[in-house]
Each structure stands twice: as C-alpha cells, then as structure tokens.
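Peer 1: One structure, pasted below without further comment.
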Amino acid sequence: MPLAPARPITLFMPVLAVAGLPASIPDLKQPHSISTPIAVAALLACCMVACAAVGCAHLAAAPDWNAARLPQMAPLPWAPADELPSRSQLIAGQLVIHTDFPLAEHHRLVRELESLRADVSQQLGLPISDEPVHLYLFEDKRRYEDFAARHFPGFPARRAFFVETDTTLSVFAVWQDRIAEDLRHETTHGYVHAVVPAIPLWLDEGVAEFFELPRSEQGVHAAHVAHLSGRLLEGTWRPDLDRMEALASAGELSQDHYAEAWCWTHWLLRTTPQRRRLLQDYLADVRRDGQTAPLSARLRYAEGSGTDFSAILRAHLETLAPPPPD
Numbered sequence: 000m001p002l003a004p005a006r007p008i009t010l011f012m013p014v015l016a017v018a019g020l021p022a023s024i025p026d027l028k029q030p031h032s033i034s035t036p037i038a039v040a041a042l043l044a045c046c047m048v049a050c051a052a053v054g055c056a057h058l059a060a061a062p063d064w065n066a067a068r069l070p071q072m073a074p075l076p077w078a079p080a081d082e083l084p085s086r087s088q089l090i091a092g093q094l095v096i097h098t099d100f101p102l103a104e105h106h107r108l109v110r111e112l113e114s115l116r117a118d119v120s121q122q123l124g125l126p127i128s129d130e131p132v133h134l135y136l137f138e139d140k141r142r143y144e145d146f147a148a149r150h151f152p153g154f155p156a157r158r159a160f161f162v163e164t165d166t167t168l169s170v171f172a173v174w175q176d177r178i179a180e181d182l183r184h185e186t187t188h189g190y191v192h193a194v195v196p197a198i199p200l201w202l203d204e205g206v207a208e209f210f211e212l213p214r215s216e217q218g219v220h221a222a223h224v225a226h227l228s229g230r231l232l233e234g235t236w237r238p239d240l241d242r243m244e245a246l247a248s249a250g251e252l253s254q255d256h257y258a259e260a261w262c263w264t265h266w267l268l269r270t271t272p273q274r275r276r277l278l279q280d281y282l283a284d285v286r287r288d289g290q291t292a293p294l295s296a297r298l299r300y301a302e303g304s305g306t307d308f309s310a311i312l313r314a315h316l317e318t319l320a321p322p323p324p325d
C-alpha cells in the first residue's frame with residue numbers, strides 16, 4: 000500500500016501523569032436512577048484515584064494546548080542522532096523499533112505489538128498498511144523527559160506519545176512498568192493512522208483505549224467502567240456522541256472523554272454484528288472522504304431517529320460493571 004497522503008503534524012498524548020480526576024461535565028439536568036452494579040463499580044472508581052495520581056489515568060490535561068499550534072512549537076519531532084535511541088534497531092512487521100538498550104527480537108512485547116496489527120485490521124475492517132511506524136524507546140527516564148521537553152515544550156508529563164507528520168508515524172516512550180499498555184495504545188494510533196489519517200479524534204482515542212488492553216480482557220476496560228459508573232452515581236456525566244464528535248483538539252480531552260470514547264467503541268464492536276459493520280463501513284468511508292457523514296447520523300438512520308442512545312450506552316455500561324458482592 001502506498002504511503003498515506005500528506006498529513007499535518009499531530010500529537011496524541013493519552014498517557015499522562017495526573018494529580019486527580021478531572022472536573023465533571025455539568026450538562027446533566029435530570030436525576031437518573033443508578034443500579035446496584037453501577038454503584039459497586041462507582042466504589043471501585045474511588046479506589047482508583049490513588050492510581051491516577053501516579054499516571055494510571057489517560058488524560059490530556061493541558062487546557063491551553065491545541066494541536067494546531069504544534070507546527071510553530073516544534074516543526075518536526077526529529078532530533079540529532081544522539082538525542083534518539085539508536086543502540087539497537089529491529090523490524091517487526093510494520094514496526095521499526097529503536098532502543099537505547101538491548102531488546103530481543105523475540106521479546107514477548109515485540110511479538111504482541113506485531114500481532115496487534117492483525118487484531119486492529121480484523122476488528123475495524125481496515126486493510127493492513129506497509130507504512131513504517133517508528134517506535135523510539137528510551138531506557139532512561141531523564142533522557143526521555145529532556146527530549147520531550149526540548150522538542151515539545153509546554154506539554155505536561157507523559158509516559159508515551161504518538162506523533163504524525165506529513166511523512167512519518169512515530170511513537171516515543173520511556174521503558175517502565177506500564178510500557179506494554181502504553182505501546183499497545185500508541186502503536187494502535189500508528190496502525191490506524193497509516194490507513195485512516197482523517198479518523199475523528201474521539202474515535203481515534205476510543206479505538207486506542209480499546210486495544211491498549213491485553214487480549215484476555217476482550218476490550219473491557221475496568222478502569223473506565225469504574226470511572227464512568229462513578230460519574231453516573233454522582234449525576235455529573237451523560238453519554239453524548241454529538242458532543243464527542245465536536246471534539247477537535249487533544250487538549251480538550253479529559254478522563255471523561257477518554258472513558259466515554261472507549262465505551263462507545265466497545266458498544267459498537269461488541270454488541271451486535273450490525274453495529275460493528277456500521278463502524279467498519281464508516282471507517283471505510285472516512286478513508287475515502289474525511290468529510291463524510293458523522294457516525295452519529297448513521298446510527299440514528301440505522302436504529303431510528305427517536306432512539307435514546309444515551310440510555311442505551313448507560314445500559315451497556317451497566318452490563319460491564321462487576322456484580323454486587325454476596
């Protein structure tokens with residue numbers, strides 16, 4: 000497959016260290032009853048605040064950040080050779096992995112990332128591209144942070160990020176305890192953008208959140224289930240696909256947005272073959288025309304204009320919440 004058309008530089012920063020949960024979305028005007036499973040999941044959400052403080056949550060927390068400003072801040076992500084990992088290089092399918100430490104070709108994570116390409120292709124109905132996705136893996140956290148600060152100043156701390164330019168797809172990450180989750184997420188961005196560079200922001204993140212999980216989880220993101228359940232219990236969140244589709248910059252995304260993007264994606268891929276096919280057809284149309292009709296319009300046509308999608312997604316979330324204790 001030829002390289003994708005020229006693309007503006009774009010940065011995705013889903014893996015960030017945060018100090019707590021983001022502000023709630025004050026758009027819920029009516030009270031809603033919350034079932035027992037949702038309440039149980041909400042209790043789990045409280046336990047995850049401590050994890051969020053050390054970077055467990057996926058959050059873009061720079062309120063003044065806008066992807067459109069990136070070309071003025073950092074025309075290209077590339078740097079002199081001594082700034083990038085270069086001790087070893089290996090190729091795994093579409094991936095070109097650069098490290099500053101020894102990494103075995105048959106390392107379990109390398110093989111997992113390579114097989115992820117087929118999973119993404121099969122689930123989303125996308126062709127497999129041969130456009131390289133470069134992974135730059137830093138062993139030393141300080142060196143990684145210095146590199147990120149030099150080339151992407153003003154951004155909050157993050158463990159990994161994906162950069163797309165008019166000619167390259169690149170992931171930058173520091174090797175640490177959660178590297179597998181981080182690389183599954185960012186590599187998914189690379190695989191998807193190689194064939195659908197115009198994918199909407201909300202869906203791009205929803206897909207990455209879905210595939211960041213180990214295959215054994217079947218796409219069920221327990222942290223997001225707990226977070227959204229907590230929001231429902233508080234009465235501070237209501238699913239709204241139109242609102243998600245209006246998101247234009249990664250700087251707008253809160254933890255609520257990442258979690259809701261995942262939930263919509265899981266609902267589309269895991270409930271009925273018809274919904275999964277609708278998503279696949281939508282992505283195929285976006286490949287041909289980035290201005291195609293939004294997914295929300297297609298859903299209303301397919302399931303009826305009077306369908307309460309907010310209620311449907313809340314019900315779907317309830318099916319994913321853990322059962323109450325005996």
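The numbering of the sequence shown is numbering that gives the first Met the number 0, which starts it at 0 and goes up by one. In this text, a Cβ means the ideal position worked out from N, Cα and C, and glycines have one as well. Nothing here was measured: the structure is a model prediction, and the numbers come from that model.
(1) Taking DSSP's pairing of strands, which residues face isoleucine 96 in a bridge?
(2) Between tyrosine 300 and aspartate 307, what straight-line distance do the alpha-carbon atoms span, to the nearest angstrom?
(3) For phenylalanine 146, which of helix, strand or coil comes out of DSSP?
(4) Under DSSP, the alpha helix (DSSP H) around arginine 313 begins and ends at which residues?
(5) Along the chain, where does the beta strand (DSSP E) containing alanine 172 start, and where does it finish?
(6) Please report the distance separating the alpha-carbon of valine 195 from that of phenylalanine 160.
(7) Whole angstroms is fine: what's the gap from glutamine 71's alpha carbon to tyrosine 143's?
(8) Alanine 245 by DSSP, collapsed to three states: which one?
(9) Enumerate in chain order the residues of its own chain whose CB-to-CB distance from glycine 205 is below 7 Å, with the five nearest sequence positions on each side excluded.
(10) Pick from Leu200, Leu102, Gly218 and Asp288: whose alpha carbon is nearest that of leucine 246?
(11) Rounded to whole angstroms, what is the Cα-Cα separation between leucine 212 and leucine 278?
(12) Alpha carbon to alpha carbon, what distance is there between glutamate 233 and glutamine 121?
(13) Taking 6 Å as the cut-off, is the beta-carbon of arginine 149 closer than that to any non-hydrogen atom of the ligand COA?
(14) Where does alanine 3 sit, in a helix, a strand or coil, going by DSSP?
(15) Along the chain, where does the alpha helix (DSSP H) that runs through tryptophan 266 open and close?
(16) Express the C-alpha separation of leucine 123 and aspartate 284 in angstroms, rounding to a whole number.
(17) Excluding the five sequence neighbours on either side, which residues of its own chain have a C-beta within less than 7 Å of the C-beta of valine 224, listed in chain order?
(18) Can you tell me whether DSSP reads proline 272 as helix, strand or coil?
(19) Rounded to whole angstroms, what's the CA-CA distance from phenylalanine 171 to isoleucine 96? Just pull it up for me.
(20) Valine 132 and leucine 168 - do their beta-carbons sit closer together than 7 Å?
(21) Pull up the distance between the alpha-carbon of alanine 310 and that of leucine 240, whole angstroms please.
Peer 2: So, from the data block:
(1) As a position in the sequence shown, residue 96 is number 97, starting the count at 1. The secondary-structure analysis by DSSP pairs isoleucine 96 across a beta bridge with Leu89 and Leu134.
(2) Along the sequence shown, one-based indexing puts residue 300 at 301. Along the sequence shown, one-based indexing puts residue 307 at 308. If you take the alpha carbons of tyrosine 300 and aspartate 307, they lie about 13 Å apart.
(3) As a first step, residue 146 must be located in the sequence shown, where it is residue number 147. Correct three-state label for phenylalanine 146: helix.
(4) Taking the sequence shown and counting its residues from 1, the one referred to as residue 313 is at position 314. First-last of the alpha helix (DSSP H) with arginine 313: 308-319.
(5) Reading the sequence shown from its first residue, position 173 is the one you call residue 172. Per DSSP, the unbroken beta strand (DSSP E) holding alanine 172 starts and ends at 168-173.
(6) The residue labelled residue 195 in the question sits at position 196 within the sequence shown. The residue labelled residue 160 in the question sits at position 161 within the sequence shown. Roughly 18 Å separates the two Cα atoms.
(7) Residue mapping note: residue 71 aligns to position 72 of the sequence shown, counting from 1. Residue mapping note: residue 143 aligns to position 144 of the sequence shown, counting from 1. At glutamine 71 the pLDDT is 32, less than 50, meaning the model places this residue with poor confidence; the figure from the coordinates comes in the next sentence. Cα to Cα, the separation comes out at about 22 Å.
(8) Here residue 245 refers to the residue found at position 246 of the sequence shown. Alanine 245 sits in coil when the DSSP states are folded into three classes, being neither helix nor strand.
(9) If you number the sequence shown from 1, residue 205 lands on position 206. By the criterion of a C-beta distance shorter than 7 Å, glycine 205 is surrounded in its chain by Ala260, Trp261, Trp263 and Thr264, once the five residues flanking it on both sides are discounted.
(10) Locating residue 246 in the sequence shown gives position 247, counting from the first residue. Nearest option by C-alpha distance: Leu200.
(11) For the purposes of this step, residue 212 is taken as the residue at position 213 of the sequence shown. For the purposes of this step, residue 278 is taken as the residue at position 279 of the sequence shown. Those two C-alpha atoms are separated by around 20 Å.
(12) In the sequence shown, counting from the first residue as 1, residue 121 sits at position 122. In the sequence shown, counting from the first residue as 1, residue 233 sits at position 234. When rounded, the separation of the alpha-carbon atoms in glutamine 121 and glutamate 233 is 37 Å.
(13) Looking at this structure, you won't find the ligand COA or any other ligand, since it has none at all.
(14) Locating residue 3 in the sequence shown gives position 4, counting from the first residue. Its pLDDT being 40, under 50, alanine 3 is placed unreliably by the model, and the measurement read from it follows with that caveat. Coil at alanine 3, not helix or strand.
(15) Locating residue 266 in the sequence shown gives position 267, where the first residue counts as 1. For tryptophan 266, the enclosing alpha helix (DSSP H) starts and ends at 254-269.
(16) By one-based count along the sequence shown, residue 284 stands at place 285. By one-based count along the sequence shown, residue 123 stands at place 124. Each residue's Cα considered, the two are about 12 Å apart.
(17) Position 225 of the sequence shown holds residue 224. For valine 224, the CB contacts under 7 Å within the same chain, skipping 5 residues up- and downstream, are Ala40, Leu316, Leu319 and Ala320 in chain order.
(18) The residue you call residue 272 lines up with position 273 of the sequence shown. Three-state DSSP puts proline 272 in a helix.
(19) Counting from one through the sequence shown, the residue named residue 171 turns up at place 172. Counting from one through the sequence shown, the residue named residue 96 turns up at place 97. Rounded to whole angstroms, phenylalanine 171 to isoleucine 96 spans 10 Å at the Cα level.
(20) Along the sequence shown, one-based indexing puts residue 168 at 169. Along the sequence shown, one-based indexing puts residue 132 at 133. Against a cut-off of 7 Å, the Cβ pair of valine 132 and leucine 168 comes out as a contact.
(21) Residue numbering aside, residue 310 sits at position 311 when the sequence shown is read from its first letter. Residue numbering aside, residue 240 sits at position 241 when the sequence shown is read from its first letter. Straight-line Cα distance between these residues: approximately 12 Å.
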